[in-house]
Each structure stands twice: as C-alpha cells, then as structure tokens.
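Residue numbers (our numbering), protein chains in the order written: chain A, 9 to 386; chain P, 3 to 318.
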C-alpha cells in the first residue's frame, strides 16, 4: 500500500467529500519515490491495469478501498520510467479498456491512444515541443512510379528552414515516415535540432509502406525501391551530398528490420543507420514463438546471425527495457560491433511505442549527424 | 584602438539601433555578415533595423569569387584548413585529460592551503595547452601568409581597395554572428579591421567572439554530455580583458557553480562575459562599461552583475 492510500485508510470513514478531496489533492497516478499508485473511481465488478511491460503480468488487478467506489493499484516504478497503459473495467459482465480518466497524459499511436505514467525523474524532451525561436522547415508530397514495388508510391520530403539550392545537404530516409510525423513529432524535432545546431540542415525523405508486415519484413523489393529508385530520384531533385557518410536510413520495429535489410541488400548506399526497437526476432534453436508475421524476419535474422556482415559504418541502436524485444536488441549489439561497425547503443525505461522512439531521436540523430553547434553563434 | 561595443544575439530582439543612438552615430554603416556564409546577403532584417543605411561588405562572396579565380590561393587555404582540423583533433585529445584533472581538483575537498596550489597548477596546465594550441594554429596562419602572400595578390588587393572605399564613407562597422571560423578567416583575408581603422565597431554573437584575443568555442548543453570549452585560435585581439560567451543561457550551465568556475578560472585574468539578448558591454578606451544587468563569471562559481572592468592593457 502506498503512503497516499495509507493516509486515506487512516481516516477510517471514506466519505464522498473525503474522496473528492483526495482526488483533488493528487495527480494520478500518484508517484511516491519508486512506486506509482493508479486509481479508478466507479462502480465495477473488477478493475485492472493493462500494460505492455515485458516480464510483468499484463493484467494487474486493482483493489477496492473499504467498499468505496475508489479502486487502486500500487506498482514499482524505477527512475526514468515512462509507461503506457490502459485501465480494464468490467461492468455488468462486460469488459472494456479505457484511458485513465484521472490522468491527463496520453500518447497516440496508429491504434488510438494510451494513458502515460511519467515515472520519477522522467525528463520530458523540451526539444520535441514547438519552439517559437526555431525556424520551421516545410514538407512536400511527391509520387514516383516504382518498378520494384509495382506501382505508384507517395512519399514526403522534409526541407529544412532556409533551404537553398546552392547548398548541398545530407539525406535521411525514414521508414514509417507519416507515423514518425504524427506520433513522434518528427518535423518539430528536426526543426528544433537544426535550430539548435545539434544536427546539420538536412533533407529527410519520409516513406510509407502499403503492406507493412510484408514490405518491412526484410523485403528485397522495398530495399531496391529505396536504394535504386527513391535515392536517385532525390539526388536528381534536390541538392544532396553524394557521400554515403552523409546518408542515413532509419526505422522502428519492423521499420528497423527493413532498415538493416536495405543496408545489407544494397551495400554502400547508406553510411548511417538509426535502428529503434528493431523487431530482430531470431531463434537459436527450434521455432520462434512470435507468430506468422515474423516468419520472414526470423529467417532473415537467423541468416544474418550465421554470417554477419557490416551493414554500414555507423549505427545508433535503441530499445526500451520494457519491450519483449530487449533481448534481441541487446544480442545484436556485440554482433554488429564484431563486423567493425561503430555502434552506439542506448536503452530506456520505456516500451515499444512512438514516444519512446521520439525521446531517443535527439541522441541518435545528433550522434549520426553531428551539427555545427560548436562553430556557429548566430 | 577603436570604440567597441559587444552585444548579445540580435535575431529576436535587436538592439543595434539603441547602441547607434547611444553612441550618437549617424550616417551610413558598413556590415560584415560573412559568418552567415551563403546567406550573407539575406540581411534585410538588419538593414531595416538600422534604417536602411547599411552597406554589406560581402566578405564571404568576395572570397568565393577570389577562390574561383585564384586556384593556387584556394589550394593553400584548403591545405591550411586541413592542417588546422588535424591540430584541433590533437588539441581536443589532450584538452579532455587536462580539463578532467582541473575539474577533479575543484571537486576534491580539502584544506585550501593544501588544495589551492594543486588547483592552480591544474589550471596552469590547461592554460599552457590552450596557449600551445593557439601558437600552433598561428603557425599555420603565418605559413599560409609566407607561402601564398594573399595581401600581395592583385585580386585580393583589388577587393581590399573596394572595401576600403566603402568603409571610408561609413560611420561605423557592424559585425554579425554565424560561423565563427568562417567569419574570422574572411575578416583576416581582407584585413577588415585594419581597413576600418578607428571607426567604431558594434559586434554580436560570433562577431563579438572574433574580436577577442582568443576565440573560445563552447557548448555545454549537448545530447552526449557536456563538452569542455576549447580555444579555436587567436582572435583579432581588439577586445582586451574579456571573453564574450554569446547565447550563454542556452549554451552554458550558468546554474552550476562548477561549470562557471571551470571557465572563469581557466581564462583568468580575462573576464568571461555571458552575452544574451539585451546584454551589452562597451569599450571606453580604458575600461569596459557593462550595461545594467550584464554579468560576468566569477572564479568562485557565481555569476554576478558587473558595472565595469578596468583594462590591464595600455591605451593605444
């Protein structure tokens, strides 16, 4: 039981007025050192916490406090944690997952939204919020015919503020580009990091899959599209630096698998990889347990692990400690290093979600593409 | 030595016109925006701010044109740049160790009579390294001057003449920020300060930095941990006794006494002056007068408001 709940229990008679006061006086979930107290108020048969922390039971029951409408659950929360969750409420035999009504913090993703617990000493990235001092870049939408993907493909291009045709720019190609824009604030992050001179002004191509689980499952066609169609089109259209050291490729989850696969299938095109929470599923023995969508990924990863090659000179790899993929990502780091790749690996106390990936962008992008901050004072 | 005013960053809250009024400067102005590189001539905001009476000396563009025509000079310039990049790498490798040691001495508790000489010795080693690096960088400059004699080349002389004619008709020289290395080498190539003579100078951001005896690069708020300030090379040295730190609020950990001490003690006896918007210091010929609110870093780790800093240098 947490201190806040103990104090409430000590009052013995939990009147509606006392409950209202308790709710008014606290922010929820209540953080006390390394514990979080979740609360829910309402009539229900049962209430549970639903989260995606690998290693903990996915459903954790709330307790009802002294027959009152207040339900609570106390959980350990290590420093720096950021945890996405929902509350499962069962009423009249019907169960539904809801956003925590007492918590204003939410994160959106392609499936909707989750409540967010910000643990002790979690630092919200101010560089991911709009900065009125930062000049804003622009986004253009283009289409090209792709032989490799058998059809017309739409993608976007981010041009930095004060874009000039006379200048030449580094290039970053992003998998799941629209999701990075929507859920990881990528445009704001780029504007801010460029404004802060932590990365150079760069051109960013934002691609999107049509069939994500096939195209991004180490798909050769998508890799060929990126390296043989998209990059040459970008080079013809924009003033880009031609050196592979000035080109980067990034993605998260299956997008990270596709990033790695593209670098291996099309060597020498990209000098920098940003791999976030890669779905690098493999099996050392027997069959994997992750389901049919992972079949081609496991085949690719097993093949790569058997005969590893250097996919690019540099890679920034990140993964959340609360993800089921943490084992695979940790396993890949020494393997990458053995190929001679310069790897920076960062873990966070977070899960497999877009805000975790947002929170690592500053460190990753500025390591792969160091900006001129030491030399420029405007 | 000319009248010099150093200002904080000007982009969001420009105050050059306030300074011009306070100095009673009327008439046309010359500006240097070479630190903006290819955006050098995008100076409409600055021109509007000073009432349109501004002539951009276009040092960046002039240099580009010279390099297009004088390939030998361009190659020499590149060679010098490559040597300077290498020297900077070597300096940084050593600086990290020297600064770690100085920091450790500051953090180590103990009786002052025991610790202070050790701290002093640690900072002496850092200063010696800074001096050595500045000397090595100067050697590359002198070697370049000896071998390529830029000041004797017709094309450079022609541009210098044009610049001198513009400056003759101007009441003051404005020097904006941008890339501090680019700004410094363009100003050196065209001997901009020599041509300006005793005309008043108003400079900000990188423009203020190049006026110092040494150009100090700094950025403590980085994604990969705080880095130590480093000496780029000798500056134009018309700004005695102070080292300006533009954008200090964002770039320095002014709330951290240890960070403040590291800078203040390392560059003693010069005063480190954080320069944010509205900060201003003015050289009277004998002392620096600080505008109200403008501060300096103290060796004890505090950041305090200062009214004036007397010069240790004789009036020239």
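Positions of the beta carbon are idealized from the N, C-alpha and C atoms, including for glycine.
*What distance in whole Å lies between the Cβ atoms of residue 163/A and residue 127/A, which are believed to be in contact at a cut-off of 8 Å?*
The residue given as residue 127/A occupies position 119 in the first chain. The residue given as residue 163/A occupies position 155 in the first chain. About 37 Å; that fails the 8 Å criterion.
_Sequence-distant residues of its chain with Cβ nearer than 7 Å to residue 166/P (five each side left out)_ = Against the second chain, residue 166/P aligns to sequence position 164. Answer for residue 166/P: 197, listed in chain order.
*State the Cα-Cα distance for the pair residue 317/P and residue 265/P, rounded to the nearest angstrom.*
Sequence index remark: in the second chain, residue 317/P carries index 315 (1-based). Sequence index remark: in the second chain, residue 265/P carries index 263 (1-based). The predicted position of residue 317/P is uncertain, since its pLDDT is 44 and thus under 50; no value can be drawn from it.
*CA-to-CA distance, residue 120/A to residue 217/A, given in whole angstroms*: The count along the first chain starts at 1 and reaches residue 217/A at position 209. The count along the first chain starts at 1 and reaches residue 120/A at position 112. About 19 Å.
*How many Å lie between residue 84/P and residue 273/A at the Cα?*
For this step, residue 84/P is matched to residue 82 along the second chain. For this step, residue 273/A is matched to residue 265 along the first chain. Approximately 35 Å between the Cα atoms of the pair.
*Report the residues of the region 5-30 of chain P with a CB closer than 8 Å to any CB of chain A, ordered along the chain.*
11, 13 and 14
*Nearest-angstrom Cβ-Cβ length linking residue 287/A and residue 265/A, presumed shorter than 8 Å*: The residue you call residue 287/A lines up with position 279 of the first chain. The residue you call residue 265/A lines up with position 257 of the first chain. With a Cβ gap of about 5 Å, residue 287/A and residue 265/A count as contacting.
_Sequence-distant residues of the same chain with beta carbon closer than 7 Å to residue 371/A, five excluded per side_ = Sequence index remark: in the first chain, residue 371/A carries index 363 (1-based). Answer for residue 371/A: 354, listed in chain order.
_Secondary structure of residue 306/P, DSSP reduced to three states_ = By 1-based counting over the second chain, the position of residue 306/P is 304. Strand, per DSSP.
*Show which residues of chain A have a CB atom less than 7 Å away from the CB atom of residue 257/P.*
In the second chain, the residue the question calls residue 257/P occupies position 255. By Cβ distance, chain A contributes nothing, its closest Cβ being about 16 Å from residue 257/P, past 7 Å.
*For residue 168/A, which residues in chain P fall below 7 Å Cβ to Cβ?*
Here residue 168/A corresponds to residue number 160 of the first chain, with the count starting at 1. Those do not exist, as residue 168/A stays about 12 Å from chain P at its closest Cβ, beyond 7 Å.
*Classify residue 14/P as buried or exposed, calling it buried when 16 or more other Cβ atoms lie within 10 Å of its own Cβ.*
Along the second chain, one-based indexing puts residue 14/P at 12. Residue 14/P is exposed by the Cβ-count criterion.
_residue 375/A at chain P interface by Cβ criterion, 8 Å_ = Here residue 375/A refers to the residue found at position 367 of the first chain. Yes, contact with chain P.
*Just the Cα atoms here: how many angstroms apart are residue 142/A and residue 114/P?*
Translated into positions along the first chain, residue 142/A becomes position 134. Translated into positions along the second chain, residue 114/P becomes position 112. Straight-line Cα distance between these residues: approximately 46 Å.
*To the nearest angstrom, how far is it from the Cα of residue 116/A to the Cα of residue 95/A?*
Residue 116/A sits at position 108 when you count from the first residue of the first chain. Residue 95/A sits at position 87 when you count from the first residue of the first chain. Each residue's Cα considered, the two are about 16 Å apart.
*Find out if the Cβ-Cβ distance for the pair residue 92/A, residue 361/A is shorter than 8 Å.*
Translated into positions along the first chain, residue 92/A becomes position 84. Translated into positions along the first chain, residue 361/A becomes position 353. In contact: residue 92/A and residue 361/A (Cβ atoms closer than 8 Å).
_Beta carbons nearer than 9 Å to chain P: which residues of the region 307-336 of chain A have them?_
none
*In terms of alpha-carbon separation, which member of 357/A, 279/A, 293/A and 46/A lies closest to residue 348/A?*
The sequence position of residue 348/A within the first chain is 340, counting from 1. Comparing Cα-Cα distances from residue 348/A to each of 357/A, 279/A, 293/A and 46/A, the minimum goes to 279/A.
*Check whether the region 172-187 of chain P touches the region 199-207 of chain P, counting contact only when three or more Cβ pairs, one atom from each stretch, lie closer than 8 Å.*
yes
*Counting only runs of 3+ residues fully inside the region 80-120 of chain A, write out the beta strand (DSSP E) ranges in chain order.*
90-99, 102-106 and 114-117
_Nonlocal neighbours in the same chain, by C-beta distance under 8 Å from residue 329/A, ignoring five residues either side_ = As a first step, residue 329/A is located in the first chain; it is residue number 321 there, counting from the start. Taken in chain order, the residues that qualify are 355, 356, 357 and 358.
*What is the residue span of the alpha helix (DSSP H) that residue 258/A lies within?*
For the purposes of this step, residue 258/A is identified with residue 250 of the first chain, where counting begins at 1. Run containing residue 258/A: none in the alpha helix (DSSP H); it sits in the beta strand (DSSP E), 255-260.
*Which of helix, strand or coil does DSSP assign to residue 318/P?*
Taking the second chain and counting its residues from 1, one reaches residue 318/P at position 316. Note that residue 318/P scores 45 on pLDDT, short of 50, meaning its location in the model is unreliable and no value can be drawn from it.
*9 Å Cβ cut-off: residues of chain A touching residue 60/P*: Residue 60/P sits at position 58 when you count from the first residue of the second chain. Result: empty, since nearest Cβ-Cβ is about 15 Å, beyond 9 Å.
*Can you tell me the Cβ-Cβ gap for residue 161/A and residue 41/P, rounded? I've got them flagged as a contact below 8 Å.*
Taking the first chain and counting its residues from 1, one reaches residue 161/A at position 153. Taking the second chain and counting its residues from 1, one reaches residue 41/P at position 39. The Cβ separation is near 34 Å, so there is no contact.
*Since residue 160/A is in the beta strand (DSSP E), which residue starts that stretch and which ends it?*
Position 152 of the first chain, counting from 1, holds the residue named residue 160/A. Taken as a continuous stretch (DSSP letters only), the beta strand (DSSP E) holding residue 160/A covers 159-167.
*Unbroken alpha helix (DSSP H) run spanning residue 240/A, endpoints*: As a working mapping, residue 240/A is identified with position 232 in the first chain. Where residue 240/A is concerned, the enclosing alpha helix (DSSP H) stretches over 239-245.
*residue 382/A: buried (16+ other C-beta within 10 angstroms of its C-beta) or exposed?*
On the first chain, residue 382/A is found 374 positions in, with the first residue counted as 1. So residue 382/A counts as buried.
*Hey, residue 145/A and residue 187/A: beta-carbon distance below 8 Å or not?*
For the purposes of this step, residue 145/A is taken as the residue at position 137 of the first chain. For the purposes of this step, residue 187/A is taken as the residue at position 179 of the first chain. In this structure, residue 187/A does not lie closer than 8 Å to residue 145/A by Cβ.
_Run through chain A and tell me which residues come within less than 9 Å of residue 249/P, C-beta to C-beta._
On the second chain, position 247 is the one that residue 249/P refers to. Under the 9 Å cutoff, chain A gives 385 and 386.
*Relative to the C-alpha of residue 50/P, which residue among 78/P, 16/P and 258/P is closest?*
As a position in the second chain, residue 50/P is number 48, starting the count at 1. Here the closest residue by C-alpha is 16/P.
*Looking only at its own chain, which residues have a Cβ that is under 7 Å from the Cβ of residue 310/P, when we skip the five neighbours before and after it?*
Against the second chain, residue 310/P aligns to sequence position 308. Around residue 310/P: 289, 290, 291 and 292.
_Measuring only the C-alpha atoms, how far is residue 90/P from residue 289/A?_
One-based indexing of the second chain puts residue 90/P at position 88. One-based indexing of the first chain puts residue 289/A at position 281. Between residue 90/P and residue 289/A, the C-alpha separation is close to 43 Å.
*Rounded straight-line distance, which links the Cα of residue 7/P to that of residue 28/P*: Sequence index remark: in the second chain, residue 28/P carries index 26 (1-based). Sequence index remark: in the second chain, residue 7/P carries index 5 (1-based). Residue 28/P and residue 7/P: Cα-Cα distance of roughly 16 Å.
*What residues in the region 101-118 of chain P have a beta carbon less than 9 Å from any beta carbon of chain A?*
none
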